[in-house]
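Q:
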Amino acid sequence: MPWLVCALHASFSCSMATLHFIYGYPGAGKTTLARAIATSAPAVIFCEDEWIATLAEPITSLQQFVAASQRIRSIIKPLAVQILQLGTSVVFDFAGNTPTHRAWVRSVFEAAHADHCLHVLDVSVDEARQRVQQRNVDKPAGLYFGDVSEAIFDAVLGHIVPPSETEGFVVMRG
Numbered sequence: 692m693p694w695l696v697c698a699l700h701a702s703f704s705c706s707m708a709t710l711h712f713i714y715g716y717p718g719a720g721k722t723t724l725a726r727a728i729a730t731s732a733p734a735v736i737f738c739e740d741e742w743i744a745t746l747a748e749p750i751t752s753l754q755q756f757v758a759a760s761q762r763i764r765s766i767i768k769p770l771a772v773q774i775l776q777l778g779t780s781v782v783f784d785f786a787g788n789t790p791t792h793r794a795w796v797r798s799v800f801e802a803a804h805a806d807h808c809l810h811v812l813d814v815s816v817d818e819a820r821q822r823v824q825q826r827n828v829d830k831p832a833g834l835y836f837g838d839v840s841e842a843i844f845d846a847v848l849g850h851i852v853p854p855s856e857t858e859g860f861v862v863m864r865g
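Using my numbering, read the sequence shown as starting at 692 and increasing by one per residue.
#1: Quick one: Cα of Ala727 to Cα of Gly720, how far?
#2: Would DSSP call Ala747 helix, strand or coil?
#3: CB-CB under 6 Å to Ala803, same chain, minus the five flanking residues each way: which ones, in chain order?
#4: Tell me the start and end of each unbroken alpha helix (DSSP H) in the region 703-785 that is at least 4 residues and wholly inside, in chain order.
#5: Skipping 5 residues on each side, what residues in its chain have a beta carbon closer than 7 Å to that of Val799?
#6: Flag this pair as touching only if the region 839-848 and the region 804-824 have three or more C-beta atom pairs under 8 Å; answer yes or no.
#7: Over what stretch of residues does the alpha helix (DSSP H) that includes Asp817 continue unbroken?
#8: Between the C-alpha atoms of Val828 and Ala747, what's the straight-line distance to the nearest angstrom?
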């Protein structure tokens with residue numbers, strides 16, 4: 692099956708509720724893109740980092756992040772399904788970086804009988820690493836849940852798998 696290109700053009704607007712989600716390295720600009728989509732779609736945005744920063748203890752390891760993420764996603768999923776079923780688009784500022792996470796997103800938009808679009812950010816590892824280092828310095832409110840060390844960054848990279856055509860997602864590259 693050839694890649695499908697998300698026919699959202701510059702405005703990201705669609706005629707029916709759409710679940711947008713994003714693939715990209717830490718620091719690639721997922722939150723910036725998610726916020727832009729949410730504003731222009733319009734859509735309800737779920738930023739996992741904001742939920743973790745608000746609800747979880749400070750994160751110092753990948754294992755702590757994974758545990759916090761699982762708890763938060765168990766709350767977000769039924770909310771997202773309901774919002775999509777009501778005809779409002781949703782943006783996930785997370786869940787696009789592994790086949791397992793993308794399959795979870797598929798379960799959300801399929802349960803809601805909604806459209807979807809996987810946004811792929813092509814940012815180099817070196818640029819993403821520099822952005823994460825700057826985020827550690829700036830500590831932006833709502834997004835900063837603890838310093839992301841070089842070791843954690845490298846551990847996360849080891850789990851990231853680019854989407855493939857066989858997954859069958861509607862894709863927009865940017």
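We put the CB at the ideal spot given by N, CA and C, even for glycine.
A: Looking at the coordinates:
#1: 11 Å
#2: coil
#3: Val772, Leu775 and Gln776
#4: 721-731, 739-746 and 753-776
#5: Leu710, Lys768, Ala771 and Val772
#6: yes
#7: Val816 to Asp829
#8: 21 Å
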